[in-house]
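Protein chains in written order, with the numbering used here: chain A, 8 to 417; chain B, 8 to 417.
By construction, the Cβ of each residue, glycine as well, lies at the ideal position given by its N, Cα and C atoms.
There are 2 protein chains.
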Amino acid sequence: MRTKRILIVVMDGLGDRGCEELGWKTPLQYADTPNLDWFTANGSAGVVDIIAPGVRPGSDTAHLSILGYDPYKVYTGRGPFEAAGIGLISKKGDVAFRCNFATVNDRLEITDRRAGRVKTPDTSELVRSLEGLKIEGVECIVREGTEHRAALILRGPGLSADITDADPHDLGPIAISKGRSPEAQFTAGVVNKFVLATYKRLKDHPVNVRRRAAGLPEANIILPRGAGEFPRLEPFPEINSMTAGCVAGVGMIKGICAVCGLDVIDVPPCCSGGTDSDFMSKARTALEALETHEFILMNCKAPDVCGHDGCALSKVDVVRRLDEMAGYIKDNMPEDLVIVFTADHSTPCGTGDHSADPVPMTIYTKGNVIDEAVKFSESGCARGRLGRIRGHDIVRICMDLANRTEKFGA
Amino acid sequence: MRTKRILIVVMDGLGDRGCEELGWKTPLQYADTPNLDWFTANGSAGVVDIIAPGVRPGSDTAHLSILGYDPYKVYTGRGPFEAAGIGLISKKGDVAFRCNFATVNDRLEITDRRAGRVKTPDTSELVRSLEGLKIEGVECIVREGTEHRAALILRGPGLSADITDADPHDLGPIAISKGRSPEAQFTAGVVNKFVLATYKRLKDHPVNVRRRAAGLPEANIILPRGAGEFPRLEPFPEINSMTAGCVAGVGMIKGICAVCGLDVIDVPPCCSGGTDSDFMSKARTALEALETHEFILMNCKAPDVCGHDGCALSKVDVVRRLDEMAGYIKDNMPEDLVIVFTADHSTPCGTGDHSADPVPMTIYTKGNVIDEAVKFSESGCARGRLGRIRGHDIVRICMDLANRTEKFGA
């Protein structure tokens with residue numbers, strides 16, 4: 008049997024609930040999506056509990072599940088994925104954090120959690136001033152991410168990730184990290200000292216002198232959160248015996264894929280992961296990547312952003328643009344492709360956060376069973392023959408359609 | 008509540024994918040099946056992952072799953088089922104194999120893996136010459152199967168099934184069986200000596216002298232494969248508190264059912280398990296068997312054969328004949344019957360091997376919920392109220408509809 012290649016298109020946060028401004032339709036039910044509907048009408052559809060019914064996934068746990076891992080077993084917090092996403096390579100025993108540059112006053116009260124969405128080159132300069140920082144024998148390695156984001160790795164003996172955040176997730180006094188177990192007290196202490204050390208080194212840094220003069224919020228402290236040890240996963244390409252890569256604009260998604268052993272493929276700067284992301288360029292990148300990889304996971308972040316912003320009409324607009332992208336893929340995809348369109352979770356505009364609603368999915372390949380589903384939406388895909396499946400089934404089902412599975416028995 | 012009887016009709020390898028020569032329909036979508044559709048329209052339908060989504064079942068693991076066993080726990084290789092299927096009763100510690108009579112030249116190179124599809128009475132005579140064969144204290148018990156097939160049981164102390172096949176599954180030199188662990192070296196050695204012993208006893212056997220004279224390939228060696236220890240299963244009739252039998256033409260299916268404790272019911276010779284099998288006679292046998300058994304599993308092998316042959320049009324023809332059989336059952340079944348039509352796996356004509364695609368299923372009994380499914384096919388059954396279930400759920404659902412389950416709680 009000839010094997011096929013596999014492309015999974017994850018439209019982040021795409022699922023929704025009925026939106027008042029759309030006459031209680033979801034954005035997918037409301038928008039005209041002729042290309043996504045073509046894939047649905049010519050393939051097999053279903054709905055997916057990315058983790059399990061009623062479980063609200065994060066984008067990180069969701070992608071782990073889609074890649075076939077059990078997030079309950081392998082998820083160790085978001086920090087390590089953020090760190091991996093911006094290229095910080097960690098070692099066994101490291102504890103990783105995601106961080107924000109923030110603005111504090113001289114009583115160490117947070118006045119802006121994102122330091123006015125400070126970005127590079129300011130963040131690069133600031134991070135440089137933290138090079139070589141060592142606290143109680145623990146190396147503190149910081150790297151800047153997109154905008155006000157950064158990642159921190161602590162490296163040294165006796166560390167534990169079982170600590171609370173130094174980021175209070177709100178304005179007001181900074182939080183004091185605490186160990187949740189006696190073994191973790193040491194690490195919590197290092198984190199608290201790290202936070203003060205960043206304030207000391209950054210508050211009068213030339214970058215902040217400039218920002219003060221320009222009336223901008225100073226980026227004068229770094230607040231770590233989401234402590235996690237680095238998970239050691241059996242690499243996806245080994246588990247599934249195929250070369251694999253990811254095409255994504257968002258750091259954390261790149262990080263998850265990197266941790267799972269996928270090649271992180273460069274995307275053009277226009278594929279930002281924002282609502283203005285150039286989906287066509289991303290699709291072109293994904294199709295090109297299939298020339299050197301047997302499996303590609305592609306993530307489009309924009310619908311999730313609209314959901315978090317609670318803006319149903321802009322989500323409809325994003326859906327239309329994603330549909331145009333699906334049309335581009337339809338016109339340019341290779342013959343031997345198994346392609347999935349789905350989401351990592353729902354982000355209903357009405358709640359502005361992730362929900363556990365099952366997400367629509369369609370899977371197309373030449374010769375797949377054509378079922379009775381004709382419309383790509385939360386309700387339309389439920390007519391398909393796939394029924395209601397789990398996120399971790401997606402890759403296995405693709406593998407079977409791609410003639411890549413071993414027979415169990417005779 | 009009055010209990011009912013249960014008949015599960017397993018149409019082997021019935022599921023398929025879109026076939027080019029059928030306008031990308033599946034054989035079930037393409038063929039007119041008024042009787043299977045009657046059962047679907049008047050019963051409850053769904054689709055079944057016989058083992059799990061994306062897992063490609065063998066016929067052996069699939070039937071274990073349909074009978075409610077977990078193949079991951081009880082499957083020990085195909086040998087024991089083949090042996091049981093031709094009536095070889097094994098004991099604890101035995102290792103069983105499936106075998107082929109083959110033709111080798113005097114350099115022990117295989118020139119025909121099936122010895123010209125030699126059959127009884129030749130195979131019976133040849134097997135008789137191996138009676139009493141003992142190697143290093145291990146009894147070697149051989150019995151002929153259908154055509155060129157046979158089974159071997161090794162009986163003695165210190166045996167292990169953890170060995171490679173002596174059958175290279177190809178023409179050319181015979182393979183040397185090897186132990187995969189130190190404990191298994193002894194068994195591998197016995198197998199290799201067994202193979203040479205069969206050559207010695209068979210090469211100038213009068214049957215082969217006759218075959219040589221007639222220009223037929225000699226059946227001058229026996230090649231064992233699929234070593235397995237005999238699984239000890241809790242008998243199906245005890246687990247489910249009902250008498251149970253199987254109606255099948257194929258040895259391996261009979262063997263699986265025998266190992267699970269079902270009575271293997273004699274079928275007329277016309278129920279061969281091939282594409283020319285007389286489905287009507289088999290259905291008659293199954294309905295008669297329901298007079299003495301509360302549960303019957305019936306297997307029709309033909310659609311699987313068409314799938315392996317890659318012949319969509321002959322699969323359509325087999326589907327039509329199976330539908331006529333369903334009509335016969337409809338007209339002759341008892342009032343108190345719960346009947347299921349399903350498959351053990353898909354065998355898409357386009358790939359010529361088993362796939363993990365979920366299979367259609369309909370379950371009819373007077374008074375079952377009539378749902379919205381009206382067409383018996385991979386897509387049509389997905390409209391039914393059963394949704395997507397697992398193979399091991401089938402018997403439990405039947406038991407409940409047959410008023411045979413215990414209430415859990417009060």
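If you check the CB distance, serine 51(B) and isoleucine 396(B) do not come in under 8 Å. Interface flag for arginine 12(A) against chain B is unset, since no Cβ pair is found closer than 8 Å.
For the segment 401-413 of chain A, the beta-carbon criterion of a distance under 9 Å to any beta-carbon of chain B is satisfied by Ile401, Val402, Arg403, Ile404, Cys405, Met406, Asp407, Leu408, Asn410, Thr412, Glu413.
By the criterion of a C-beta distance shorter than 6 Å, glutamate 28(B) is surrounded in its chain by Ala319, once the five residues flanking it on both sides are discounted. When the alpha-carbon of glycine 53(B) is set against those of Val214(B), Ile336(B), Thr349(B), the nearest one is in Thr349(B). In the DSSP assignment, cysteine 264(B) falls within the alpha helix (DSSP H) that extends over 258-266. Under the three-state reduction of DSSP output, glutamate 245(A) falls in the helix class. About 6 Å separates the beta carbons of glycine 256(B) and valine 274(B), which is inside the 8 Å limit, making them a contact pair. Using a Cβ-Cβ cut-off of 8 Å, glycine 398(A) does not count as an interface residue toward chain B, since no Cβ of chain B sits closer than that to its own.
Think of a sphere of 9 Å around the beta carbon of glutamate 385(B): the chain A residues whose beta carbon falls inside it are Ser51, Val376, Asp378, Arg392, in chain order. Taking 3 residues as the shortest admissible run, the segment 366-414 of chain A contains the following complete beta strand (DSSP E) segments, listed from N- to C-terminal end: 366-371, 394-397. According to DSSP, glutamate 116(A) shares a beta bridge with Pro180(A).
Interface with chain B (8 Å Cβ-Cβ cutoff): methionine 368(A) is excluded.
In the three-state scheme derived from DSSP, where H, G and I count as helix and E and B as strand, phenylalanine 193(B) is classed as helix. For arginine 135(A), the enclosing alpha helix (DSSP H) has its first and last residue at 129-135.
Residue contact with chain A for threonine 33(B): present (Cβ-Cβ distance below 8 Å to some residue of chain A). The criterion of a C-beta distance shorter than 8 Å is not satisfied by aspartate 351(A) and proline 87(A). Arginine 395(B) reaches chain A at Gly53, Arg392, Leu393, Gly394, Arg395, Ile396, counting residues in chain order whose Cβ is nearer than 9 Å. Those residues of the segment 272-295 of chain B placed with their C-beta closer than 7 Å to a C-beta in chain A do not exist.
Apart from the 5 residues on each side of it in sequence, arginine 403(A) sits with its Cβ closer than 8 Å to the Cβ of Gly75, Thr412 in its chain, given in chain order. Distances from the CA of isoleucine 260(A) to each of Gly387(A), Lys210(A), Gly92(A), Glu342(A) were compared; the closest alpha carbon is that of Gly92(A). Arginine 85(B) has a beta carbon lying within less than 8 Å of a beta carbon in chain A. The alpha helix (DSSP H) runs lying completely inside the segment 69-127 of chain A and spanning 4 residues or more are 78-81, 86-92, given in chain order. Excluding its 5 nearest sequence neighbours in each direction, alanine 309(A) has C-beta neighbours in its own chain below 7 Å: Gly281, Thr282, Ser284, Val325, listed in chain order. Counting along the chain, cysteine 307(A) sits inside the beta strand (DSSP E) bounded by residues 302-307. Here the segment 123-142 of chain A does not lie against the segment 172-189 of chain A, with fewer than 3 beta-carbon pairs under 8 Å apart. With a threshold of 16 other beta carbon atoms within 10 Å, lysine 382(B) meets it and is buried. The Cβ atoms of isoleucine 160(A) and alanine 90(A) sit closer than 8 Å to each other. Only buried fits glutamate 385(B), as 16 or more other CB atoms lie within 10 angstroms of its CB. Here the C-alpha atom of histidine 361(B) lies approximately 12 Å from the C-alpha atom of aspartate 316(B). The residues Gly50, Ser51, Leu408, in chain order, have a CB closer than 7 Å to that of asparagine 375(B) in the same chain once the five nearest residues on each side in sequence are set aside. Counting of Cβ neighbours within 10 angstroms places cysteine 253(B) among the buried residues, the total reaching 16 or more. Pro355, Gly357, Thr358, Gly359, Asp360, His361, Ser362, Ala363, Asp364: these are the residues of the segment 343-364 of chain B whose beta carbon lies less than 8 Å from some beta carbon of chain A, given in chain order.
Taken in chain order, the whole beta strand (DSSP E) runs of length 3 or more contained in the segment 294-361 of chain B are 302-307, 344-349. Distance from the CA atom of threonine 354(B) to the CA atom of aspartate 364(B), rounded to whole angstroms, is 9 Å.
For a cut-off of 8 Å, the C-beta gap from valine 111(A) to tyrosine 206(A) is around 7 Å, short enough to register as a contact.
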